[in-house]
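Residue 89, in the UniProt record's numbering, is where the sequence shown stops; the numbers in between run on with no holes. All residues carry an ideal CB built from backbone N, CA and C; glycine is no exception. What follows is a short report on a single structure.
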Amino acid sequence: MITKTVKLTNEDGLHARSAALFVRMANRFSSEITLQAHGDSVNGKSIIGIMSLGAFYGEEISITASGTDEEKAVESLVELVENNFVVAN
Numbered sequence: 001m002i003t004k005t006v007k008l009t010n011e012d013g014l015h016a017r018s019a020a021l022f023v024r025m026a027n028r029f030s031s032e033i034t035l036q037a038h039g040d041s042v043n044g045k046s047i048i049g050i051m052s053l054g055a056f057y058g059e060e061i062s063i064t065a066s067g068t069d070e071e072k073a074v075e076s077l078v079e080l081v082e083n084n085f086v087v088a089n
């Protein structure tokens, strides 16, 4: 199991678009992925769960993955957040 904490620096935080991008990337991995904010944990592959966290600009979120590709999953998701949910083609 690997966990990393990252700060939301995109203006809108985890709103619909960013949550959708997070879920799309999370679903590329076989590991179980959990997202935590404000002491609440949700399935990182659930858009409804992520949006229910209400994580906004400037707040920290923790990304945890457990499974065969956990390291790559956390690395990729942290990079997505740090790049303000801009996905390279």
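Considering only DSSP beta bridges, list what residue i is partnered with.
i: I47; result: Per DSSP, none; premise fails for I47.
i: V6; result: I61
So is residue i buried or exposed if we call it buried at 16+ other beta carbons inside 10 Å?
i: G44; result: buried
i: A16; result: exposed
i: T9; result: exposed
i: M1; result: exposed
i: V86; result: exposed
Would you grab the beta carbon distance between residue i and residue j for me? Rounded to a whole angstrom, and I think it's under 8 Å.
i: K7; j: E60; result: 5 Å
i: D69; j: F22; result: Not really, about 16 Å apart at Cβ, beyond 8 Å.
i: A65; j: E11; result: Rounded, the Cβ-Cβ distance is 26 Å, inconsistent with contact.
Q: May I have a chain-ordered list of the alpha helix (DSSP H) segments no shorter than 4 residues that lie completely inside the region 14–81?
A: 16–26, 47–52
Q.
Assess contact between the region 47–56 and the region 72–81, defined as three or more Cβ pairs (one per stretch) separated by less than 8 Å. Is contact present?
A. no
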